[in-house]
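Number of protein chains: 2
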Amino acid sequence: MSCTPRLTQMLRARGYRMTSQRFAILQALHNGRHLSPAQIYQRVHQTGMTEATVYRTLEFLAGNGILLVADRGNGHLAYELSGESHHHIICRTCGKQLEIDPGMLTPAIRQLESETGYCLYAGHLTFFGQCPECQQNS
Amino acid sequence: MSCTPRLTQMLRARGYRMTSQRFAILQALHNGRHLSPAQIYQRVHQTGMTEATVYRTLEFLAGNGILLVADRGNGHLAYELSGESHHHIICRTCGKQLEIDPGMLTPAIRQLESETGYCLYAGHLTFFGQCPECQQNS
DNA sequence: TTCCTTATTGATAAAATTATCAATAAGGAA
DNA sequence: TTCCTTATTGATAATTTTATCAATAAGGAA
Numbered sequence: 045m046s047c048t049p050r051l052t053q054m055l056r057a058r059g060y061r062m063t064s065q066r067f068a069i070l071q072a073l074h075n076g077r078h079l080s081p082a083q084i085y086q087r088v089h090q091t092g093m094t095e096a097t098v099y100r101t102l103e104f105l106a107g108n109g110i111l112l113v114a115d116r117g118n119g120h121l122a123y124e125l126s127g128e129s130h131h132h133i134i135c136r137t138c139g140k141q142l143e144i145d146p147g148m149l150t151p152a153i154r155q156l157e158s159e160t161g162y163c164l165y166a167g168h169l170t171f172f173g174q175c176p177e178c179q180q181n182s
Numbered sequence: 045m046s047c048t049p050r051l052t053q054m055l056r057a058r059g060y061r062m063t064s065q066r067f068a069i070l071q072a073l074h075n076g077r078h079l080s081p082a083q084i085y086q087r088v089h090q091t092g093m094t095e096a097t098v099y100r101t102l103e104f105l106a107g108n109g110i111l112l113v114a115d116r117g118n119g120h121l122a123y124e125l126s127g128e129s130h131h132h133i134i135c136r137t138c139g140k141q142l143e144i145d146p147g148m149l150t151p152a153i154r155q156l157e158s159e160t161g162y163c164l165y166a167g168h169l170t171f172f173g174q175c176p177e178c179q180q181n182s
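Protein chains in written order, with my numbering: chain X, 45 to 182; chain C, 45 to 182.
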């Protein structure tokens, strides 16, 4: 991946290391987006990596801002590479998901920042609602 | 709680029942907000309720829109009564939390609805960022 | 290079969460 | 009221997630 050297340097500056395990997980998330820990383990266990390492690594990468955590609405969390910021709307009735451009929320986030003084990260938000089709059927 | 009859009727209309276990969990969440499953179990296990029932009930109540799920930023989820819609900003540096009025996001949500055709629920969003104090110390 | 410090991992145990299924109990019908 | 249907629960097992700790390995210093 093209961004690996930059990430390696960033981690190094914080006293951490880019290991083969961390790289493998980043690579898995570079192919499939929104993966659960189990799905990620399925794609990297061939390397001999432990499940415990998968969970630890995900927590570590998320804590360092390299991964984003997304609420999938089923009580579980999924992970994805940050930097490709976007948000979701999930239909509570049929489960369909709509990906929405982050720019659509930029004004609201800017206002939040100016009113609270906080500096907000891109993040990954999940809205819940009902899609147009399901609204008609009810 | 004043809203119990209304909830009972709403569940009944969907073929479900208001049980003593569900009522106990609602009552626990009426006192303490943003509780984890473990915290909730701690407050209701005196009634003889099983942990499995706590998890099941939380999922059920959330699925019926009576509870909201909030990402606490530590990889875990917390539950709270819906109807008291609000949102949070969590500082990634010091962990401090700021509660923000839902009205601040209303314009953005309205725009999202008109652009996507979805009907959005109030929900409970969690933003991550850095608070003013931590911005100065870095 | 070799040594040293320590971040990281695997192995394992512990804890949390979910699934299965028989027993219970709530509400509707008569 | 009694009977019947079925949503719900507790008990239990299975699975997922987390914590502990010794062994490994990466990077810095000399």
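Positions of the beta carbon are idealized from the N, C-alpha and C atoms, including for glycine.
Please confirm if Tyr-85 (chain C) has its CB atom under 8 Å from at least one CB of chain X. Within the second sequence, residue 85 (chain C) is the residue found at index 41, counting from 1. So, not an interface residue.
Just to make sure I have the definition right: I need the residues of chain X whose C-beta is within less than 7 Å of the C-beta of Thr-94 (chain C). Which are they? Sequence index remark: in the second sequence, residue 94 (chain C) carries index 50 (1-based). Going along chain X, no residue has its Cβ under 7 Å from Thr-94 (chain C), so there is no contact; the nearest lies around 18 Å.
Whether or not the stretch 156-171 of chain C and the stretch 162-180 of chain X are in contact is what I'm after, with contact meaning three or more pairs of Cβ atoms, one per stretch, closer than 8 Å; do they touch? In short, these stretches touch, since the Cβ pair count reaches three.
Identify the contact partners of Tyr-162 (chain X) in chain C, using a Cβ-Cβ distance below 9 Å as the criterion. In the first sequence, residue 162 (chain X) corresponds to position 118, counting from 1. In chain order: Ile-133, Cys-135, Leu-142, Phe-171, Gly-173, Gln-174, Cys-175, Pro-176 and Gln-179.
Classification of Glu-95 (chain C) by the beta-carbon crowding that lies within 10 angstroms, buried from 16 upward: Along the second sequence, read from residue 1 onward, the residue named residue 95 (chain C) stands at position 51. By the 10 Å Cβ count, Glu-95 (chain C) comes out exposed.
Mind checking if Ala-152 (chain X) is an interface residue toward chain C, Cβ cutoff 8 Å exclusive? If you number the first sequence from 1, residue 152 (chain X) lands on position 108. Interface residue, yes.
In the DSSP assignment, find the alpha helix (DSSP H) that holds Thr-52 (chain X) and state where it starts and stops. For this step, residue 52 (chain X) is matched to residue 8 along the first sequence. For Thr-52 (chain X), the enclosing alpha helix (DSSP H) has its first and last residue at 48-57.
Please list, in chain order, the chain X residues whose beta carbon lies closer than 9 Å to that of Tyr-165 (chain C). Mapped onto the second sequence, residue 165 (chain C) falls at position 121. Result: Arg-136, Phe-171, Phe-172, Gly-173 and Gln-174.
May I have the straight-line CA-CA distance separating His-74 (chain X) from Arg-116 (chain C), to the nearest angstrom? Stepping through the first sequence from its first residue, residue 74 (chain X) is reached at position 30. Stepping through the second sequence from its first residue, residue 116 (chain C) is reached at position 72. Whole-angstrom Cα-Cα distance: 26 Å.
For Gly-161 (chain C), name the three-state secondary structure that DSSP assigns. Here the question's residue 161 (chain C) lines up with position 117 in the second sequence. In the structure shown, Gly-161 (chain C) sits in coil (DSSP, three-state: anything other than H, G, I, E or B).
For Leu-55 (chain X) and chain C, any beta-carbon pair shorter than 8 Å? Translated into the one-based positions of the first sequence, residue 55 (chain X) becomes position 11. Not an interface residue.
Other residues of its chain near Met-62 (chain X): CB distance less than 6 Å, five sequence neighbours each side excluded: Indexing the first sequence from 1 puts residue 62 (chain X) at position 18. Sequence-distant partners of Met-62 (chain X) (beyond 5 residues in either direction) whose C-beta falls short of 6 Å from its own C-beta, in its chain, are Thr-52 and Leu-55.
Could you tell me which of X:Gly-161, X:Pro-49 and X:Leu-70 sits nearest to Ser-126 (chain X), measuring between CA atoms? Reading the first sequence from its first residue, position 82 is the one you call residue 126 (chain X). In terms of Cα proximity to Ser-126 (chain X), the closest of X:Gly-161, X:Pro-49 and X:Leu-70 is X:Leu-70.
Under a Cβ-count criterion, where at least 16 other Cβ atoms within 10 Å of its own Cβ denotes burial, should Glu-143 (chain C) be classed as buried or exposed? For the purposes of this step, residue 143 (chain C) is taken as residue 99 along the second sequence, with counting starting at 1. Exposed, because fewer than 16 other Cβ atoms sit within 10 Å of the Cβ of Glu-143 (chain C).
Just to confirm, are Ala-106 (chain X) and Val-88 (chain X) a CB contact at a threshold of 8 Å? Stepping through the first sequence from its first residue, residue 106 (chain X) is reached at position 62. Stepping through the first sequence from its first residue, residue 88 (chain X) is reached at position 44. Cβ distance not < 8 Å, so Ala-106 (chain X) and Val-88 (chain X) don't count as in contact.
Reference Ile-134 (chain C); option with closest CA among C:His-78, C:Ser-158, C:Thr-170 and C:Pro-146: Within the second sequence, residue 134 (chain C) is the residue found at index 90, counting from 1. Checking every option, the nearest Cα to that of Ile-134 (chain C) belongs to C:Thr-170.
Where the alpha helix (DSSP H) containing Gly-107 (chain C) begins and where it ends: Locating residue 107 (chain C) in the second sequence gives position 63, counting from the first residue. Under the DSSP assignment, Gly-107 (chain C) falls in the alpha helix (DSSP H) whose first and last residues are 95-107.
Should Ile-84 (chain X) be counted as a contact of the ligand SAM given a C-beta to heavy atom distance under 7 Å? Annotation note on the ligand SAM: not contained in the displayed structure, which lists no ligands.
DSSP three-state call for Thr-63 (chain X): helix, strand or coil? Here residue 63 (chain X) is taken as the residue at index 19 of the first sequence, counted from 1. Secondary structure at Thr-63 (chain X): coil, using DSSP grouped into helix, strand and coil.
Extent of the continuous alpha helix (DSSP H) run through Gln-141 (chain X): The count along the first sequence starts at 1 and reaches residue 141 (chain X) at position 97. Per DSSP, Gln-141 (chain X) lies in no alpha helix (DSSP H) segment; the continuous beta strand (DSSP E) that holds it begins and ends at 141-144.
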